[in-house]
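Presented below is the structure to which this report refers.
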Amino acid sequence: MHVWGEEGVDWKGIDDAASYIALNLRRWGRIQVTGYKEKWGTVRVYCHFGCEALFWFVYPGWVYYRWPDWVAKIDRSDISHFLWRAFEWILVPYQVCIYKAVYNKAIKRWPHLRQEILTDCDYPDLVMSKEVQREYGWIDSDS
């Protein structure tokens, strides 16, 4: 979309938008954000919905497991995994709602970067209408 050093591009705004989206997805949605960055002048936020362990819910995005071994053993057990799967029917719709809200707030906060924010979002069908998806090339014009 853009080449680094290109004039007239709000590079700081793109980086701020990526940071804003990632931080708020983690904070309010407990969404597992595995990375965020600016690449080719677009916002990239890599994330997934759901939760597999209590630690990931309490500290989304963290790698270092800072709890005692006995808690880790329980948290990684099959019973814990089953309980999280049962809880996801509430958690995932909530996370989808937060995902939509955070992206819409980012677009309102940086309206001049709308295209840069939407072009490479992980779940375009959640934040864009079919017409906008066609505009960005996500779906064919005949569908």
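Those letters in the sequence shown? Residues 27 to 169, per this note's numbering, in order. Backbone N, C-alpha and C fix where the C-beta goes; we use that ideal spot for every residue, glycine too.
Residue burial classification, D151 (beta-carbon count within 10 angstroms, cutoff 16) = exposed
task = Rank P86, F113 and A43 by C-alpha distance to the C-alpha of R70 and give the top, closest one.
result = It is A43 whose Cα lies nearest to the Cα of R70.
query = According to DSSP, what are the bridge partners of C212?
reply = Here the chain comprises residues numbered 27 to 169, so residue 212 is not present and cannot be evaluated.
inquiry  = Based on DSSP bridge pairs, tell me the residues matched to T68.
reply    = K65
query = Since P14 contacts R56 with CB under 8 Å, what's their CB separation in whole angstroms?
reply = Outside the displayed range of the chain (27 to 169) lies residue 14, so it cannot be described from this structure.
key: Distance CB(V59)-CB(C73) smaller than 8 Å   = It is a contact, given that the beta carbons lie within the stated cut-off.
query = Among residues of its own chain, excluding the 5 on either side of I133, which ones have a beta-carbon nearer than 7 Å to its beta-carbon?
reply = R140 and I143
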